[in-house]
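A.B. asks: Protein chains in written order, with the working numbering: chain B, 5 to 402; chain H, 5 to 402.
Don't be surprised by glycine CBs; every beta carbon is placed ideally from N, CA and C.
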């Protein structure tokens, strides 16, 4: 017991106060930039400079080689590993080129092995908790926490028959939800991308602050936003849903049933919602956009507003045949769907071009859609924060 | 763009479906035990065996040495690093001795550098996101998710004048909170230990499931549980609270003011609470227990129920002088405080002995207190889950 308690406090102090360790080891080195807002409490690195460069620093006295591996591209961090340089005390440092504003996943390679940066909070992406760095966008605060009324993000547990297990959904309730106890609200179902989960939209995406700010400015209707994980494996063949054994080979096989038969009914029983399609929206990013189009176009009775952010729509797009003919009757589609929103970033050209071609082909065939472009951003959360801000402001207007 | 999209999907698939990789690499090896419930989606390792042994496995083909470092002691994982053994494909494996049920922090040492296990969810402890493993306790389900009505855990943002920044509190609302819209609830303020934060009690501690189960069985009154971070640095000397610059040298210096002047008033304005001390309880574990005693004994007007779990009460304890004489008038204390709860695990002898000595001295001086012992558990979350279950059932009974 003694052997543990004493070292544990020491270890915690080291983690909690890295500034003092670094300052002690490197008294002469002036420290430029600011600690990233994505850092853990008290961590002085990574530091973000005014021009968007980032200085990473990691204490790894026993490692032979330490690198930074960016978890994306076209964001200024580059694509390959960035070699860090060791100093005499075993701290490894690298300063990057100027980066693009937004949120960038990254991790360390310690002698070639992927590991998170102990100075960074973790964000669930790439199928696991992953380090991330927040680069402020000068003059832009639509996703910042401000002195406006704040909604809550609630973790809610519900049972899904489609997947045979308990699931956790994150649910944003707008600032007036707890005081306007007779009021009913429209609902946006909002899905993450590949490798992420129900935490992504609030943690990486700052969806709650985006909505708080839009609502405070009168730019969006107060709404509930349901952020569940899109991963929905059906029960294992030969088992029942109740057994809880799920088929990991089919990561999204129960998505439609999970959403339409379990999640929507749960939300509409647990929250004060309008219970019909004209007050239901759905959107998703990347893989979540594919799933959004699949379920919303395959079940036209469910959602009146549809948002597809950075859809992996890479092949030929024919409005007559796409999505089992859902667009074939343009007049009927336009009458039924109040908004079909398509968007992408200019720095993710395959997504941007595929999405724009889809939009153009739809317009040509008479199907109305909105095309949104996020200038200068890639297949990353800054694109989707801007997308959500634009999309949410268009919802539930009539 | 192409260079990124293709490898990224491949990488995500690798993370999301490790079972297939492992099965492919190790067809001959029978896989015993069950994936830990603390693993990320789809991760087959670590695996927990029926007798409590754990098999860890990590893919690290380029590392020279990989070890498991337990983040605690007296839990069966040992105290020093456990060496893992490399196979021909670069997977490193170790199976531990039988462990104690509960939640154990751990991390990897990759060539001596601390790193999280990519197969584990992260849990904020040791001042950073940290791997953890859940070992089931046979026949015990008081903290399991069950088919009972569930409350929610809400992330709530509020401004603290004492610390000069925005803070996030986690707030458990009981299952009937949203339907009993006229009902007011008592509140338990519940604090984590050193190196942890507002997420600890729901994530590691499963406080919400403990309360759901107690309430469903009629063993606890429906209550709100507020779980904020105890870390509360005051503004930097020479600055104002409004500037947001905080003094990292004083990690808990603004705790009392943060709690009494900012958090309690915020909770009592944002939730339907009873707004007086007989409906307010406070508890904490380890460092959180010290803070609990500090604020509750220093401000007797604030809380009627006090719980100190695994208090670091190691020195001599004199009821006449301890806590500025708060216990000196036993009759007045007993009339004012409805419950003073003290507890510890039998496998954390210094905490258990110090706490028991405090209890004994208090009894001798006429001050009533309850002493709770968690058999077979150490300075870890299983002790605190049991402590919460015992403590919460005693609250708000009159």
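Give me the subset of the stretch 109-136 of chain B whose CB atoms are less than 7 Å from a CB atom of chain H, sorted by chain position.
C.D. replies: Per Cβ criterion, the list reads 114, 115, 116, 117, 118, 119, 120, 122, 125, 126, 130, 131, 132 and 133.
A.B. asks: Would you list the one or two residues that DSSP bridges to residue 277 (chain H)?
C.D. replies: Within the second chain, numbered from 1, the residue matching residue 277 (chain H) stands at position 273. Note: residue 277 (chain H) sits in a beta bridge opposite H:189.
A.B. asks: For the beta strand (DSSP E) that residue 99 (chain H) lies in, which residues bound it at each end?
C.D. replies: The residue labelled residue 99 (chain H) in the question sits at position 95 within the second chain. Segment 95-99, the beta strand (DSSP E) holding residue 99 (chain H).
A.B. asks: Pick helix, strand or coil for residue 356 (chain B), following the three-state DSSP scheme.
C.D. replies: The sequence position of residue 356 (chain B) within the first chain is 352, counting from 1. Correct three-state label for residue 356 (chain B): helix.
A.B. asks: Please name the residues in the stretch 238-262 of chain B whose beta-carbon is closer than 7 Å to at least one beta-carbon of chain H, in chain order.
C.D. replies: Here the close residues are 252 and 255.
A.B. asks: Once the 5 residues before and after residue 278 (chain B) are set aside, which same chain residues still bring their CB inside 6 Å of it?
C.D. replies: Your numbering for residue 278 (chain B) matches position 274 in the first chain. For residue 278 (chain B), where only same-chain residues beyond five positions count, the Cβ hits under 6 Å are 188 and 190.
A.B. asks: Decide if residue 87 (chain H) is buried, meaning its Cβ has at least 16 other Cβ atoms within 10 Å, or exposed.
C.D. replies: As a first step, residue 87 (chain H) is located in the second chain; it is residue number 83 there, counting from the start. Exposed, since its Cβ has fewer than 16 Cβ neighbours within 10 Å.
A.B. asks: Under 7 Å Cβ-Cβ, which residues of chain B neighbour residue 80 (chain H)?
C.D. replies: Numbered from its first residue, the second chain carries residue 80 (chain H) at position 76. Those within 7 Å of residue 80 (chain H) in chain B number zero; the least Cβ separation is about 13 Å.
A.B. asks: If contact is defined by three or more beta carbon pairs under 8 Å, each pair taking one atom from either stretch, is the stretch 318-328 of chain B in contact with the stretch 345-353 of chain B?
C.D. replies: Too few Cβ pairs lie closer than 8 Å, so no.
A.B. asks: Along chain D, which residues have their Cβ under 7 Å away from the Cβ of residue 235 (chain B)?
C.D. replies: The chain labelled as chain D is not found among the protein chains of the depicted structure, namely B and H.
A.B. asks: Would you give the residue range spanned by the beta strand (DSSP E) that residue 378 (chain H) belongs to?
C.D. replies: Working through the second chain from its first residue, we reach residue 378 (chain H) at position 374. Taken as a continuous stretch (DSSP letters only), the beta strand (DSSP E) holding residue 378 (chain H) covers 374-378.
A.B. asks: How far does the beta strand (DSSP E) with residue 387 (chain B) in it reach, from first residue to last?
C.D. replies: In the first chain, counting from the first residue as 1, residue 387 (chain B) sits at position 383. Per DSSP, residue 387 (chain B) belongs to no beta strand (DSSP E); it is in the alpha helix (DSSP H), 385-397.
A.B. asks: Report the rounded CA-to-CA distance for residue 124 (chain H) versus residue 126 (chain B), giving the unit in angstroms.
C.D. replies: What you label residue 124 (chain H) is simply residue 120 of the second chain in a count that begins at 1. What you label residue 126 (chain B) is simply residue 122 of the first chain in a count that begins at 1. Computed Cα separation, rounded: 12 Å.
A.B. asks: Please list, in chain order, the residues of the stretch 134-156 of chain H that have any C-beta partner in chain B closer than 8 Å.
C.D. replies: Against chain B - using a Cβ distance shorter than 8 Å - the residues of the stretch 134-156 of chain H are 149, 151, 154 and 156.
A.B. asks: For chain B, find out if any of its Cβ atoms is closer than 8 Å to the Cβ of residue 170 (chain H); answer yes or no.
C.D. replies: For this step, residue 170 (chain H) is matched to residue 166 along the second chain. Residue 170 (chain H) counts as touching chain B.
A.B. asks: Pull out every residue of the stretch 361-385 of chain H whose Cβ sits closer than 9 Å to any Cβ of chain B, in chain order.
C.D. replies: Going along the stretch 361-385 of chain H in chain order, one finds 382 and 383 with a Cβ nearer than 9 Å to chain B.
A.B. asks: Residue 110 (chain B): which of B:218, B:79 and B:224 sits nearest, CA to CA?
C.D. replies: Locating residue 110 (chain B) in the first chain gives position 106, where the first residue counts as 1. The candidate whose alpha carbon is nearest that of residue 110 (chain B) is B:79.
A.B. asks: Between residue 92 (chain B) and chain H, is there a C-beta pair that is closer than 8 Å?
C.D. replies: Numbered from its first residue, the first chain carries residue 92 (chain B) at position 88. Not an interface residue.
A.B. asks: Would you mind telling me which residues of chain H sit closer than 9 Å to residue 159 (chain B), beta carbon to beta carbon, in chain order?
C.D. replies: Along the first chain, one-based indexing puts residue 159 (chain B) at 155. Per Cβ cutoff of 9 Å: 156, 157, 158, 159, 174, 206 and 212.
A.B. asks: Looking at the strands, I want to know which residues DSSP matches up with residue 160 (chain H).
C.D. replies: On the second chain, residue 160 (chain H) is found 156 positions in, with the first residue counted as 1. Partner(s): H:173.
A.B. asks: Would you mind reading off the limits of the beta strand (DSSP E) that contains residue 327 (chain B)?
C.D. replies: Translated into the one-based positions of the first chain, residue 327 (chain B) becomes position 323. That residue, residue 327 (chain B), is in no beta strand (DSSP E); its alpha helix (DSSP H) goes 326-329.
A.B. asks: Check this for me: beta carbons of residue 225 (chain H) and residue 400 (chain H), under 8 Å apart or not?
C.D. replies: Reading the second chain from its first residue, position 221 is the one you call residue 225 (chain H). Reading the second chain from its first residue, position 396 is the one you call residue 400 (chain H). Cβ atoms of residue 225 (chain H) and residue 400 (chain H): closer than 8 Å.
A.B. asks: Going along the chain, which residues of the stretch 179-202 of chain H sit with their C-beta nearer than 8 Å to a C-beta in chain B?
C.D. replies: Answer set for the stretch 179-202 of chain H: 182, 185, 198, 199 and 201.
A.B. asks: Sort out for me which residues DSSP pairs residue 43 (chain B) with in a bridge.
C.D. replies: The residue you call residue 43 (chain B) lines up with position 39 of the first chain. B:124.
A.B. asks: Within 10 Å of its beta-carbon, does residue 238 (chain H) have 16 or more other beta-carbons around it, so buried, or fewer, so exposed?
C.D. replies: Along the second chain, read from residue 1 onward, the residue named residue 238 (chain H) stands at position 234. Residue 238 (chain H) is buried by the Cβ-count criterion.
A.B. asks: Given that a residue counts as buried once 16 or more other Cβ atoms are within 10 Å of its Cβ, and exposed if not, what is residue 387 (chain H)?
C.D. replies: Translated into positions along the second chain, residue 387 (chain H) becomes position 383. Counting Cβ neighbours within 10 Å, residue 387 (chain H) comes out buried, since at least 16 surround it.
A.B. asks: Which runs of the beta strand (DSSP E), 3 residues or longer, sit entirely within the stretch 188-244 of chain H?
C.D. replies: With a minimum length of 3 residues, the continuous beta strand (DSSP E) runs that stay inside the stretch 188-244 of chain H are 191-195 and 228-231.
A.B. asks: Specify, as a first and last residue, the run of the beta strand (DSSP E) that residue 135 (chain B) falls within.
C.D. replies: Here residue 135 (chain B) is taken as the residue at index 131 of the first chain, counted from 1. Residue 135 (chain B) -> beta strand (DSSP E) spans 132-139.
A.B. asks: Does the beta-carbon distance from residue 308 (chain B) to residue 342 (chain B) come in below 8 Å?
C.D. replies: Along the first chain, one-based indexing puts residue 308 (chain B) at 304. Along the first chain, one-based indexing puts residue 342 (chain B) at 338. Yes, Cβ-Cβ distance for residue 308 (chain B) and residue 342 (chain B) is below 8 Å.
A.B. asks: When the cut-off is 8 Å and only beta carbons count, does residue 66 (chain H) lie next to chain B?
C.D. replies: Numbered from 1 along the second chain, position 62 holds the residue referred to as residue 66 (chain H). Yes, its Cβ sits closer than 8 Å to a Cβ of chain B.
A.B. asks: For my contact list, residue 157 (chain B) and residue 159 (chain H) are in at a C-beta cut-off of 8 Å; report their separation, rounded to the angstrom.
C.D. replies: Numbered from its first residue, the first chain carries residue 157 (chain B) at position 153. Numbered from its first residue, the second chain carries residue 159 (chain H) at position 155. Between residue 159 (chain H) and residue 157 (chain B) the Cβ distance is about 4 Å, and since that is below 8 Å, they are a contact.
A.B. asks: How is the beta strand (DSSP E) around residue 73 (chain B) delimited, first residue to last?
C.D. replies: Taking the first residue of the first chain as 1, we reach residue 73 (chain B) at position 69. That run of the beta strand (DSSP E) goes 70-74.
A.B. asks: Helix, strand or coil for residue 364 (chain H)? Go by DSSP, reduced to three states.
C.D. replies: Locating residue 364 (chain H) in the second chain gives position 360, where the first residue counts as 1. Three-state result, residue 364 (chain H): helix.
A.B. asks: Keeping to the same chain, check which residues put their C-beta closer than 6 Å to that of residue 138 (chain B); ignore five residues upstream and five downstream.
C.D. replies: Within the first chain, the letter at position 134 stands for residue 138 (chain B). Taken in chain order, the residues that qualify are 40, 41, 42 and 107.
A.B. asks: Going by DSSP in three states, residue 262 (chain H) sits in which element: helix, strand or coil?
C.D. replies: As a working mapping, residue 262 (chain H) is identified with position 258 in the second chain. In this structure, residue 262 (chain H) counts as helix in the three-state DSSP scheme.
A.B. asks: Please state whether the Cβ-Cβ distance between residue 4 (chain B) and residue 170 (chain H) is less than 8 Å.
C.D. replies: Chain B is shown from 5 up to 402; residue 4 (chain B) falls before or after that span and cannot be answered.
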